[in-house]
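J.:
There are 4 protein chains.
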Amino acid sequence: MFDTSKEKLEAAAVKHLRQFIERIERLEEEKKGIADDVRDVYSEAKSNGYDTKTMRKIVALRRMEAHTRQESDALLETYREALGLL
Amino acid sequence: MFDTSKEKLEAAAVKHLRQFIERIERLEEEKKGIADDVRDVYSEAKSNGYDTKTMRKIVALRRMEAHTRQESDALLETYREALGLL
Amino acid sequence: MFDTSKEKLEAAAVKHLRQFIERIERLEEEKKGIADDVRDVYSEAKSNGYDTKTMRKIVALRRMEAHTRQESDALLETYREALGLL
Amino acid sequence: MFDTSKEKLEAAAVKHLRQFIERIERLEEEKKGIADDVRDVYSEAKSNGYDTKTMRKIVALRRMEAHTRQESDALLETYREALGLL
DNA sequence: CACTGGAAAATGCCGC
DNA sequence: GCGGCATTTTCCAGTG
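Chains as they are written, first to last, in our numbering: chain A, -12 to 73; chain B, -12 to 73; chain C, -12 to 73; chain D, -12 to 73.
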């Protein structure tokens, strides 16, 4: 599909690569758009009198709690595997 | 939003706050989904024989160039305004 | 202490900088040494019949729990600040 | 270490496991302590006017060079062995 | 406007 | 050797 020498890509490979790159860039744009939305929500909240620092901590805490739960499930699963109880 | 005693939030304020938090969490989920998509594209590219590390560099480079170009454009715009050439 | 032009550092400044670098490098070496110790403990545990994957998950989970607790304390603190209850 | 039914760990094994975990956690704490020290050195350097980003690059570079040199030495050693020149 | 802290990206590491 | 995971580094917004 590509030659292993470090010299050149086939024209088709270049095209293919370009498509991958462009797909990624489109996705990154979307991602950025959403990040902007998040920012907007915070600033809307702020202009409604809420303390964004507190809000950010709440969000962070809840995210951590979710992760902890996930991790604890994963641990259980790992136990099962280790003990051959699947 | 805080009541004057600064000790408690009105029930309505709590509800409102919760809605903000949830909007943010939904957006963050979407963002994560897209990040996962990006991952997938990279790994698809990899399984097609492309070097993802290089690809990442390309993406970073193009992002930088876009950024630089934007700044140049903004500067040009500023000059135009300053010179009344809009 | 240093001149802002990007041209040269005084000999004294160079020496000072070198000392900072060397302190850092010493610390990094220590850190690496400890990381090696950790690896050794895992492999000792493994050779005693324990499943290291499970162990790693346990460690990760406990670390997360600690973080969650910390985060939750931080949140409380932030509430206090936001509400002027310090 | 696991009993034959693969369902439970002996109390002694649990204790043993706990000890391994705790040793690891102690080591990780030490590691974190040192990482903090590194941070401190950087910020001390910064407050003395040095550019930490550059410093990080220097440290990385020297580490790489050390690594490269080690590899060359190892290679040389390998040659010697292969040629019976020890 | 420099600094800190938090999010994102990149790199390196470990086990399979 | 590869994929996943942890660490590290870089970036950026918010803050004083």
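Positions of the beta carbon are idealized from the N, C-alpha and C atoms, including for glycine.
Tell me whether the segment 45 to 57 of chain B and the segment 17 to 28 of chain A touch, counting them as touching only if at least three CB pairs, one residue from each stretch, are closer than 8 Å.
T.: No, the segment 45 to 57 of chain B is not in contact with the segment 17 to 28 of chain A.
J.: Name the residue from A:Ser34, A:Gly36, A:Ala61 and A:Val46 whose alpha carbon lies nearest to the alpha carbon of C:Asp47.
T.: Per the sequence shown, residue 47 of chain C should be read as Ala rather than Asp. Among A:Ser34, A:Gly36, A:Ala61 and A:Val46, the Cα nearest to that of C:Ala47 is on A:Ala61.
J.: Could you tell me whether any Cβ in chain C is nearer than 8 Å to the Cβ of D:Asp60?
T.: No, its Cβ sits nowhere closer than 8 Å to a Cβ of chain C.
J.: If you count every other CB in all the chains shown that lies within 10 Å of the CB of B:Leu63, and 16 or more means buried, which is it?
T.: B:Leu63 is exposed by the Cβ-count criterion.
J.: When Cβ atoms are compared, which residues of the segment 7 to 37 of chain C fall closer than 8 Å to chain D?
T.: Residues passing the 8 Å Cβ filter: Phe7, Ile8, Arg10, Ile11, Glu12, Leu14, Glu15, Glu17, Lys18, Ile21, Ala22, Asp24, Val25, Val28, Tyr29, Glu31, Ala32, Asn35, Gly36 and Tyr37.
J.: Helix, strand or coil for D:Leu(-4) per DSSP?
T.: DSSP places D:Leu(-4) in strand when its eight states are reduced to three.
J.: Ordered along the chain, which non-local residues of its own chain (more than five positions away) have a Cβ less than 8 Å from that of D:Leu73?
T.: For D:Leu73, where only same-chain residues beyond five positions count, the Cβ hits under 8 Å are Arg67.
J.: Is B:Leu4 buried or exposed, if buried means 16 or more other CB atoms sit within 10 Å of its CB?
T.: Answer is buried; the Cβ neighbour count reaches 16.
J.: A:Asp60 lies in the alpha helix (DSSP H); which residues open and close that run?
T.: Counting along the chain, the alpha helix (DSSP H) containing A:Asp60 begins and ends at Thr39 to Ala69.
J.: In chain B, which residues lie with their C-beta within 8 Å of the C-beta of A:Leu4?
T.: By Cβ distance, chain B contributes Ala32, Tyr37 and Met42.
J.: Out of A:Lys44, A:Ala32 and A:Asp27, which one is the CA nearest neighbour of C:Glu58?
T.: Here the closest residue by C-alpha is A:Lys44.
J.: Assign B:Ala32 to buried or exposed, taking buried as 16 or more other Cβ atoms, counted over all protein chains shown, within 10 Å of its Cβ.
T.: B:Ala32 is buried by the Cβ-count criterion.
J.: For the candidate residues C:Gly71, C:Asp38, C:Ala69 and C:Arg49, whose alpha-carbon lies nearest to that of D:Ala0?
T.: Cα-wise, what sits closest to D:Ala0 is C:Asp38.
J.: Closer than 9 Å by beta-carbon distance: list the chain C residues that pair up with A:Leu48, in chain order.
T.: Result: Thr55, Glu58, Ser59, Ala61 and Leu62.
J.: Taking only beta-carbon atoms, is C:Ala69 less than 8 Å away from chain A?
T.: With 8 Å as the cut-off, C:Ala69 counts as an interface residue toward chain A.
J.: Quick check on DSSP: helix, strand or coil for A:Gly20?
T.: In this structure, A:Gly20 counts as helix in the three-state DSSP scheme.
J.: Hey, C:Thr41 and A:Thr41: beta-carbon distance below 8 Å or not?
T.: No, the pair does not count as a contact, with Cβ atoms beyond the cut-off.
J.: Give me, in chain order, the residues of the same chain whose beta-carbon lies closer than 7 Å to that of C:Arg13; leave out the 5 immediate sequence neighbours on both sides.
T.: Nothing listed; no residue qualifies.
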